[in-house]
Structure formats: C-alpha cells, structure tokens
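Structure first, then comments.
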Amino acid sequence: MREFFDPLIAGYGSAKAWLVSYTGAAEDLLHVHAGLLIFVVSALILKKKMRSPGPLALVAAFALLNEVIDHLAGGQRDSLEPYVDFANTMFWPTVLFLVARRWR
562 MREFFDPLIA GYGSAKAWLV SYTGAAEDLL HVHAGLLIFV VSALILKKKM RSPGPLALVA
622 AFALLNEVID HLAGGQRDSL EPYVDFANTM FWPTVLFLVA RRWR
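The C-terminal position of the sequence shown is numbered 665 in the working numbering, with every residue numbered one higher than the one before it.
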C-alpha cells in the first residue's frame, strides 16, 4: 500500500516546493493564503454562510491532511512545526467565522 502513496506524497511535496520557489513566499504565508482560499471557496461551493461550521471544518480537514502528508514525507524539521502550520492555516478563517457568527 505504501508503494502506491509514496509517489503521490513525493509529487505533493514537489508541488509545494515549486509553489514556494515560484511565488517567493514563505511556507507560513502560503498556509495563511491556503486557509483563506479553502474557507472562502468552500463557502461558495457549498452555498453556506461563513458563520456555518462546514467551511471551517473543511479548512481544518485540509490542514490536518497536509500535516499528515508532511509527516509521512519526513518533512518535519522540528516538533512544533506541524502546530505552527496548523495555526497559520486556521487563524484567519477562524477569525472570519467568529466575526460572522457575532453579526447575525
């Protein structure tokens, strides 16, 4: 089973490395952008308001999946990196979600 996933994991890692080199942005900034993009696009596609927990749950799912893939690829440089990446991805979608829930 691992033979099937190894090329996918390697391709995903290569795509992320290409995106970093192409944009010149740090990975932390790309996590922020990815979280916002997933949040907004999922709200539009699912036709849910930003105060709905669905789009935020999708951001969390994608962030967790990304960290699992990074772990399987052996890409963790220190023990706090996955938590920082997850926090960077979730911060602004969570703020938007909470603001939207406040202003019903």
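We put the beta carbon where it would ideally sit given N, CA and C, even for glycine.
Collapsing the DSSP output to three states places residue 619 in a helix. Residue 596: member of the alpha helix (DSSP H) spanning 588 to 607, first to last residue. Taking the Cα of residue 646 as reference, the smallest distance to any Cα among 592, 582 and 619 is reached at 592. Bounds of the alpha helix (DSSP H) holding residue 657 are 642 to 663.
In the three-state reduction of the DSSP assignment, residue 631 falls in the helix class, which pools H, G and I.
In the three-state reduction of the DSSP assignment, residue 639 falls in the coil class, being assigned neither a helical nor a strand state. Rounded to whole angstroms, the separation of the alpha carbons of residue 598 and residue 630 is 20 Å. In this structure the stretch 609 to 620 does not lie against the stretch 573 to 582, because fewer than three pairs of beta carbons, one per stretch, are closer than 8 Å.
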